[in-house]
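This report refers to the structure that appears directly beneath it.
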Amino acid sequence: MNEKKRFLILCTGNSARSQMAEGLLRHLSGGNFDVFSAGTKPSGLRPEAVAVMKEIGIDISGARSKSVDEFAGQAFDCVLTVCDKAAEHCPIIPGAKQRLHWPFEDPAAVQGTREEREASFRAVRDQIRVKLQGLVELAPLH
116 MNEKKRFLIL CTGNSARSQM AEGLLRHLSG GNFDVFSAGT KPSGLRPEAV AVMKEIGIDI
176 SGARSKSVDE FAGQAFDCVL TVCDKAAEHC PIIPGAKQRL HWPFEDPAAV QGTREEREAS
236 FRAVRDQIRV KLQGLVELAP LH
């Protein structure tokens, strides 16, 4: 039996984009991937990210922002950065077999009403989901 593919998803704060991507990839792979997320400067989970993920039946409320340093020395099949700052400041992960960079707009930067902020999080969530669905379809699950 082959081991599960291991993914590390990085952004700056590990508060929204990487957290949503972690929940989405775990869900889309049916649990067949080991998925982790972290940030170069962890800043706490955004309630808007939790809310828009709950809308599609994925609970990330128990997640916490983690530093990329927590994963030092671990091997990953793929390291995915989801923001430009993380790509620029991410340390080299020696055990990474592949590195992907998919920059998404920062929904946390949107000002406005709660509805406007959540709409931004929802749009980014949906963009991430489309990219990850393509990845899951192309990647062998084991």
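With the first letter of the sequence shown counted as 1, position 40 gets the number 155 in the numbering used here; the numbers rise by one all the way through. For glycine and all other residues, C-beta sits at the position ideal for the given N, C-alpha and C.
How would you label residue i, buried or exposed, when you count the other beta carbons within 10 angstroms and need 16 or more for buried?
| i | result |
| --- | --- |
| Gly172 | exposed |
| Gly128 | buried |
| Glu137 | buried |
| Leu123 | buried |
| Gln134 | buried |
| Ala131 | buried |
| Asp174 | exposed |
| Ala223 | buried |
Where DSSP assigns a beta bridge to residue i, which residues make up the other side?
| i | result |
| --- | --- |
| Gln213 | Cys193 |
| Arg121 | Asp149 |
| Ser182 | Gly154 |
For the putative contact between residue i and residue j, defined by C-beta atoms under 8 Å, what is the C-beta separation to the nearest angstrom?
| i | j | result |
| --- | --- | --- |
| Arg214 | Val194 | 5 Å |
| Gly210 | Ala190 | 3 Å |
| Leu247 | Leu125 | At roughly 15 Å, the Cβ-Cβ gap does not stay under 8 Å, so Leu247 and Leu125 are not in contact. |
| Arg240 | Val167 | 5 Å |
DSSP on residue i, reduced to helix/strand/coil?
| i | result |
| --- | --- |
| Ser130 | coil |
| Gly188 | coil |
| Gly249 | helix |
| Glu231 | helix |
| Glu163 | helix |
Is there contact here, the stretch 117–127 with the stretch 223–239, by at least three beta-carbon pairs under 8 Å? no
Touching by the beta-carbon criterion (3+ pairs, under 8 Å), the stretch 176–195 and the stretch 153–161: yes
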